[in-house]
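Student: Chains as they are written, first to last, in my numbering: chain A, 11 to 301; chain B, 363 to 521.
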Amino acid sequence: MMPLRRFRIHQAREIKEAAEMLAQFGDKGRLYAGGTELLLAMKHDLLRYEHLVDVKTIPGLDKIELKNSTLHIGSTATHRSIENSPLIREHFPVIAEMERHVANVRVRATGTLGGNLCFAEPHSDPATLLLALRAKARVQGSKGERTLEMDELVAGAYETSLAADEILTAVAIPLSAKPRRAAYLKFQIHERPTLGLALVLELDDGQNIKAARAVVGSVSPKPCRSDKAEALLAGPRDKVEKQLPHAAKALAEAADPVDDLEGSAEYKRHLIGVFLRRAFDRALQRPTAHG
Amino acid sequence: MKLSFLLNGRPTEVDCEAQETLAEVLRARLDLTGTKVSCEVQVCGACTVLVDGLPVSACTLLAYEVRDRSVLTVEGLARPDGSLHPIQQAFIDEFAFQCGFCTPGMIMATKALLDDNPKPTDDEIIHFMDGNICRCTGYVPIVRAIKRAAAQIQQEKGK
Ligand SMILES: Cc1cc2nc3c(=O)[nH]c(=O)nc-3n(C[C@H](O)[C@H](O)[C@H](O)COP(=O)(O)OP(=O)(O)OC[C@H]3O[C@@H](n4cnc5c(N)ncnc54)[C@H](O)[C@@H]3O)c2cc1C
Ligand code: FES
Ligand code: FES
């Protein structure tokens, strides 16, 4: 077996206490949630910490609630609890559906949303969908609180913009007043997806798309969107349908796919076209309120 | 660290260190070697055990996480008289293993599935069992065994 090096676990009782512990331990400490990523990296000796600060012991940090027309998902909510949340199933079925296909049952039962986003693994499904849904990240550190856009939180591959003592406390997703249609599709042959594509359409009525947001993830270091693609995805439905190949091209240019074990850049560019069309069809066939 | 938890229904206390995984504690400290360890990275499912009814990878989950919780391993399935659990029996009846290394994990994952969804469809079985890898059987007999176990459990409930 691959034994882990020795460390101590500290149970935080509140966010402020966790931030203080992290500030105190500096390089020797790290925040610990489900451990599904962190412990693997530590087993392989890619990361070494003497102190792990457990945030799952903070009461209420895993809460999923609706407040002021905004859905709040606490950072220690597990993939499983998000998938099964009645609130999420009602208001954002697209999130529940995405979560159902993250990793495997065991990782879903243990791994948290906060851990997924803060590890900033380039193949994260939630990071891609949440960027399309205009989610905001609520962050708290020993010096105070701030709110970040999703593409600010995830800075690059395995990199966030959080300071060492900052904790992601929740993800907040606005319920749009306008009728919205959304789809998240992924293509996967190995342990992690080759591509994830999220599309959110705001409709005036059945035939006119007022605004669109399209995000492609997994193909490059971080989830990516393109103003040009989104402009091509708005307008009368028939027209947008004809423009899909151009929108896919713009999205692929912005994402600038990389060659890796999941596929070549060229293959991924091709997949963006295929999956943008599928997501478009899927989104428009799905008559749900918000997602 | 002194760890107390319920292990296969029995209150258990064990000394261990924070960095020990649940698999290490079960296998090395408690001599319960039914839980297998293979990939060690949460991919294969050989190490599947249930914590408060949910499947986890014991190869990576810290033993620390089961404090005051209930853990079920493959050793805890047989009935007090020694007769096998219907899931175990179904795996035998359907020849759902060859080398048997994946089997304890398969059986525990099946337990979690059937506790939550007593009559799963084929698609639901495949979706749930997706993270349990078998290099011998080709999965078909495993799916059959799960369906047989489901039927058997339903029948026993009906009695
Ligand atoms: C086999 C396998 C398959 C997977 N497949 C997929 C997949 O298909 N799609 C996908 O999207 N993901 C996938 N994942 C990733 C999975 O979603 C993450 O492992 C999990 O959600 C991480 O959460 P955790 O609580 O275990 O994080 P941890 O391992 O505890 O933490 C991960 C990192 O985030 C930091 N952190 C954790 N919480 C916070 C917080 N609140 N604030 C600040 N920093 C924090 C930690 O310090 C650490 O650096 C897979 C993982 C595995 C092991
Ligand atoms: S040994 Fe734990 S999942 Fe493979
Ligand atoms: S029976 Fe050999 S791996 Fe499944």
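Cβ atoms here follow ideal geometry from the backbone N, Cα and C, with glycine treated the same way.
Please read these numbers as outputs of a predicted model, since none were measured by experiment.
1) Taking buried to mean at least 16 other C-beta atoms within 10 Å of its own C-beta, is Val78 of chain A buried or exposed?
2) From the DSSP output, read off the bridge partner residues of Pro373 of chain B.
3) Between Glu201 of chain A and chain B, is there a C-beta pair that is closer than 9 Å?
4) Mind checking whether Val436 of chain B and Cys421 of chain B have CB atoms under 9 Å apart?
5) Under 9 Å between beta-carbons, which chain B residues line up against Arg16 of chain A? List them in chain order, please.
6) Where does Asp478 of chain B fall in DSSP's three states?
7) If you draw a straight line from the alpha carbon of Lys73 of chain A to that of Ala119 of chain A, how long is it in whole angstroms?
8) Rounded to whole angstroms, how far is the Cβ of Phe285 of chain A from the Cβ of Leu172 of chain A, which I believe are closer than 8 Å?
9) Determine which residues share a DSSP beta bridge with Pro184 of chain A and list them.
10) Is DSSP giving Gln150 of chain A helix, strand or coil here?
11) So does the region 510-519 of chain B actually touch the region 451-458 of chain B, counting three or more Cβ pairs closer than 8 Å?
12) Suppose the cutoff is 7 Å on Cβ atoms and the five residues either side in sequence are ignored; what does the same chain contact list for Cys378 of chain B look like?
13) Please name the residue in A:Met52, A:Thr46, A:Ala28 and A:Glu47 whose C-alpha comes closest to that of Arg15 of chain A.
14) Given Asn370 of chain B, which residues of its chain have a CB within under 8 Å of its CB, disregarding the five upstream and five downstream residues?
15) On the CB-based measure, 16 or more other CB atoms within 10 Å of its CB, does Asp215 of chain A come out buried or exposed?
16) In the structure shown, what three-state DSSP assignment does Asn126 of chain A receive?
17) Less than 8 Å separating the Cβ of Ala29 of chain A from some heavy atom of ligand 2?
18) Based on the DSSP output, what are the partners of Ile177 of chain A in its beta bridges?
19) If you measure beta-carbon to beta-carbon, which residues of the region 50-82 of chain A are closer than 9 Å to chain B?
20) So within the region 181-249 of chain A, which uninterrupted alpha helix (DSSP H) runs reach at least 4 residues, ignoring any that extend past its ends?
21) In angstroms, rounded to a whole number, what distance separates the CA positions of Ile469 of chain B and Gly500 of chain B?
22) Could you tell me whether the Cβ atoms of Leu384 of chain B and Val411 of chain B are closer together than 9 Å?
23) When the Cα atoms are used, what is the spatial distance from Ala130 of chain A to Thr465 of chain B?
24) State the start and end residues of the unbroken beta strand (DSSP E) segment that holds Asp64 of chain A.
25) Is the Cβ of Ser419 of chain B closer than 9 Å to any Cβ of chain A?
26) Looking only at its own chain, which residues have a Cβ that is under 6 Å from the Cβ of Met108 of chain A, when we skip the five neighbours before and after it?
27) How do the region 142-159 of chain A and the region 251-259 of chain A stand: do at least 3 beta-carbon pairs fall below 8 Å, yes or no?
28) When every heavy atom of ligand 1 is checked, does at least one fall within less than 8 Å of the C-beta of Glu155 of chain A?
29) Below 8 Å, is the gap between the Cβ of Asn114 of chain A and the nearest heavy atom of ligand 1?
30) Assuming Ala244 of chain A and Ile282 of chain A form a contact by the criterion Cβ under 8 Å, report the distance between their Cβ atoms to the nearest whole angstrom.
31) Against Thr410 of chain B, what residues of chain A qualify as contacts under a CB-to-CB distance less than 8 Å, listed in chain order?
32) Please compile the residues from chain B whose C-beta is within a distance smaller than 7 Å of the C-beta of Ile19 of chain A.
33) Please state the DSSP three-state secondary structure of Pro267 of chain A.
34) Could you tell me which whole alpha helix (DSSP H) segments of length 4 or greater appear in the region 485-511 of chain B?
35) Residues of chain B with CB under 7 Å from Ala119 of chain A, in chain order?
36) Relative to the C-alpha of Ala264 of chain A, which candidate in A:Gly227, A:Ile83, A:Gln295 and A:Ala222 has its C-alpha closest?
Tutor: From the atom records:
1) Sequence check: residue 78 of chain A is Asn here, not Val. So Asn78 of chain A ends up on the exposed side.
2) B:Leu368
3) yes
4) Between Val436 of chain B and Cys421 of chain B, the CB-CB gap reaches or exceeds 9 Å.
5) Against chain B, a Cβ distance below 9 Å from Arg16 of chain A picks out Glu379, Ala380 and Gln381.
6) When DSSP states are grouped into helix, strand and coil, Asp478 of chain B belongs to the helix group.
7) 15 Å
8) About 30 Å; that fails the 8 Å criterion.
9) A:Thr80
10) strand
11) The region 510-519 of chain B vs the region 451-458 of chain B: in contact.
12) Met363, Leu365, Val387, Arg391 and Ala425
13) A:Met52
14) Val433, Leu434, Thr435, Glu437 and Gly438
15) exposed
16) helix
17) no
18) When beta bridges are read from the DSSP output, Ile177 of chain A appears opposite A:Gln150.
19) Residues Leu50, Met52, Lys53, His54, Leu62, Asp64 and Lys66.
20) 237-242
21) 16 Å
22) yes
23) Roughly 34 Å between the two C-alpha positions.
24) His61 to Asp64
25) yes
26) Asp135, Leu139 and Tyr194
27) With the cut-off at 8 Å, the region 142-159 of chain A and the region 251-259 of chain A do not touch.
28) Checking the Cβ of Glu155 of chain A against ligand 1 gives no.
29) Checking the Cβ of Asn114 of chain A against ligand 1 gives yes.
30) Contact doesn't hold; Cβ gap of about 18 Å is too wide.
31) Those are Arg116, listed as they occur along chain A.
32) Ala380 and Tyr426
33) coil
34) List check, alpha helix (DSSP H) in window: nothing returned.
35) Within 7 Å Cβ-Cβ: Leu416, Pro417 and Val418.
36) A:Gly227
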